[in-house]
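Enquirer:
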Amino acid sequence: DDVRCVMDKDAGRKFYHFIISPDPKDNLSAEAVLELAKSWVEENYGSAMWAIEIHDDNKNHITHAHIALNAYDPQTHKKIHRDRDMIKQEVRSLDRLSLERGLSVLPDLYDNDTRQAKSPTKAELEMREKGMRTLKDQMRDAIDLCAPYSRTFNEFSHLLTKQHVSVKINKRAGYVYGIAAPWGEMFCKDYKLGKYYMREHIESRFIPNLSDIKDMPVYHVAHFRASEAFSKRDFTIPKTMRYRMRKNLSLIVYARAVAMLKRDGIKTVQELKNVINDKRTEIAEIKEQLHENENLLKHAQGANRFWTILDQNKDFYLKWKNATPQVRTHMEKHNKRKVEILNEAADYLNDRGITYEPQSTMLEDTFKRLQSEC
Numbered sequence: 001d002d003v004r005c006v007m008d009k010d011a012g013r014k015f016y017h018f019i020i021s022p023d024p025k026d027n028l029s030a031e032a033v034l035e036l037a038k039s040w041v042e043e044n045y046g047s048a049m050w051a052i053e054i055h056d057d058n059k060n061h062i063t064h065a066h067i068a069l070n071a072y073d074p075q076t077h078k079k080i081h082r083d084r085d086m087i088k089q090e091v092r093s094l095d096r097l098s099l100e101r102g103l104s105v106l107p108d109l110y111d112n113d114t115r116q117a118k119s120p121t122k123a124e125l126e127m128r129e130k131g132m133r134t135l136k137d138q139m140r141d142a143i144d145l146c147a148p149y150s151r152t153f154n155e156f157s158h159l160l161t162k163q164h165v166s167v168k169i170n171k172r173a174g175y176v177y178g179i180a181a182p183w184g185e186m187f188c189k190d191y192k193l194g195k196y197y198m199r200e201h202i203e204s205r206f207i208p209n210l211s212d213i214k215d216m217p218v219y220h221v222a223h224f225r226a227s228e229a230f231s232k233r234d235f236t237i238p239k240t241m242r243y244r245m246r247k248n249l250s251l252i253v254y255a256r257a258v259a260m261l262k263r264d265g266i267k268t269v270q271e272l273k274n275v276i277n278d279k280r281t282e283i284a285e286i287k288e289q290l291h292e293n294e295n296l297l298k299h300a301q302g303a304n305r306f307w308t309i310l311d312q313n314k315d316f317y318l319k320w321k322n323a324t325p326q327v328r329t330h331m332e333k334h335n336k337r338k339v340e341i342l343n344e345a346a347d348y349l350n351d352r353g354i355t356y357e358p359q360s361t362m363l364e365d366t367f368k369r370l371q372s373e374c
């Protein structure tokens, strides 16, 4: 508030409030939620003034982050005005950071494959921007989970029922989905969930019949092989990863990804998580070692700089160092600043256990070695 008043930017909006609430299934700790929220706000509003508070004060005690962002940016000296493009960038930034950490994400309402035939409603956008899940989001999640395991419409309907979602075929031969809502059951036609959730697209994701495999194109065979692996529980992938792979990769590449993981001996999600955790531990150790090397290099750079100062003035420094008190006083009187700089350089080296020797190359060799290691 004080900053806005001083800079005469106190009119209009004073701050923005964001909530980052991960999927409960991800089971994140308060530290992990804080790290995610901090990474997001630094990436999008790093130069602004912000504060993060972690809570679990909701009904189900789900840990989430509140972010308060000052509407005035002291670096640009301007107020922050969020337009539709900025909101899209914020959402996609959070999705990317979440996927990098192996977390679940909501379907992208701004994407061509998941958006509605008409633009999302204002209420849906507001909920999406706050990280809240709409009933349509829950329908999409259930469909994404059940379609790859279904061979027929009846199997699809049966699996959806277990996810508390109903489906039927309407008079126009399209799907109509239903889900329980606070005011009763809410029904939604397939095209309102987006092109990717219309009947023809859903049925293309069903498992093909084995008897038809000889007549299938190669990409259908690949999809069949991948789907069979999932249905037999030989290999499973988190729901969001399946969704992203289907969405962004061709089916043949999708099947190759499964085969590659199986070839490496990874057969379960837990094994995949263990491999990822091991790699993260290795990366953390490398980062720690790099940080130590950077500190060593920083100190070596400082020592090398002061050593060079003494080396360039070695005749004067050695004469002053070995002189009698009277001569020292005379030299300091006529070269006061020079003596101060040389004393500062010598003290810096002495504090680090380094004794200046004019003919020694020890420090230079050490500095070059640290440079090559870093």
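Under our numbering, the first residue of the sequence shown is numbered 1, with each subsequent residue one higher. Ideal placement from N, C-alpha and C gives every residue a C-beta, glycine not left out.
#1: Taking Thr308 as the reference, give the member of Tyr348, Ile169, Val167 and Glu288 with the closest Cα.
#2: Excluding the 5 residues flanking Asp234 on each side, which residues of the same chain have their C-beta closer than 6 Å to its C-beta?
#3: Under a Cβ-count criterion, where at least 16 other Cβ atoms within 10 Å of its own Cβ denotes burial, should Asp85 be classed as buried or exposed?
#4: Which residue or residues does DSSP assign as beta-bridge partners of Ile67?
#5: Please work out which residues of its chain come closer than 8 Å, Cβ to Cβ, to Leu69, disregarding the five sequence neighbours upstream and downstream, and give them in chain order.
#6: Among the candidates Asn350, Leu160 and Glu100, whose CA atom is the shortest distance from the CA of Asn408?
#7: Ignore the nearest five residues each way along the sequence and tell me which others in Glu332's own chain have a CB closer than 6 Å to its CB.
#8: Cutting at 7 Å between CB atoms, please list the residues of its own chain near Met139, excluding the five before and the five after it.
#9: Spatial neighbours of Arg205 within its chain, please: CB distance less than 7 Å, with the 5 preceding and 5 following residues excluded, ordered by chain position.
#10: Since I believe Arg151 is in contact with Ile207 (beta carbons under 8 Å), could you give me their beta-carbon distance rounded to a whole number of angstroms?
#11: Look at Leu99 and Ile20 and say whether their C-beta atoms are less than 8 Å apart.
#12: Just checking my contact of Val33 with Ala65 at CB under 8 Å: how many whole Å lie between their CB atoms?
#13: Can you say whether Asn283 is buried or exposed, counting buried as having 16 or more other CB atoms within 10 angstroms of its CB?
#14: Sort Ser29, Lys314 and Arg82 by Cα distance to His443 and report the nearest one.
#15: Excluding the 5 residues preceding and the 5 following Pro24 in the sequence, name in chain order all residues of the same chain whose CB lies nearer than 6 Å to its CB.
#16: Rounded to whole angstroms, what is the Cα-Cα separation between Glu31 and Leu135?
#17: Over what stretch of residues does the beta strand (DSSP E) that includes Phe206 continue unbroken?
#18: Would you please state the rounded distance, in angstroms, between the beta carbons of Ile143 and Ile202? I believe it to be under 8 Å.
#19: Quick check: what's the CA-CA separation for His330 versus Trp320?
#20: Under the three-state reduction of DSSP, which class applies to Glu357: helix, strand or coil?
#21: How many Å lie between Lys171 and Asp83 at the Cα?
#22: If you check the beta carbons only, do His291 and Arg352 fall under 8 Å apart?
#23: Please state the DSSP three-state secondary structure of Arg13.
#24: Counting C-beta neighbours from all protein chains within 10 Å, is the total for Asp56 16 or more, i.e. buried, or is it exposed?
Expert: Judging by the given coordinates:
#1: Tyr348
#2: For Asp234, the pLDDT reaches just 36, beneath the cut-off of 50, and the residue's location in the model is therefore unreliable, leaving the point undetermined.
#3: exposed
#4: Phe18 and Ile52
#5: Phe15, Tyr16, His17, Phe18, Val41, Tyr45, Ala48, Met49, Trp50 and Ile80
#6: There is simply no residue 408 to check, as the chain begins at 1 and stops at 374 in what is shown.
#7: Val339
#8: Val165, Tyr177, Ile179, Cys188 and Leu193
#9: Ala147 and Pro148
#10: 5 Å
#11: no
#12: 5 Å
#13: For the sequence presented, residue 283 should be read as Ile rather than Asn. Classification of Ile283: exposed, given that the 10 Å Cβ count is below 16.
#14: No answer is possible for residue 443: the residues shown for the chain start at 1 and end at 374.
#15: Ile62
#16: 29 Å
#17: Unbroken run through Phe206: none, as it is neither H nor E.
#18: 7 Å
#19: 10 Å
#20: coil
#21: 41 Å
#22: no
#23: coil
#24: exposed
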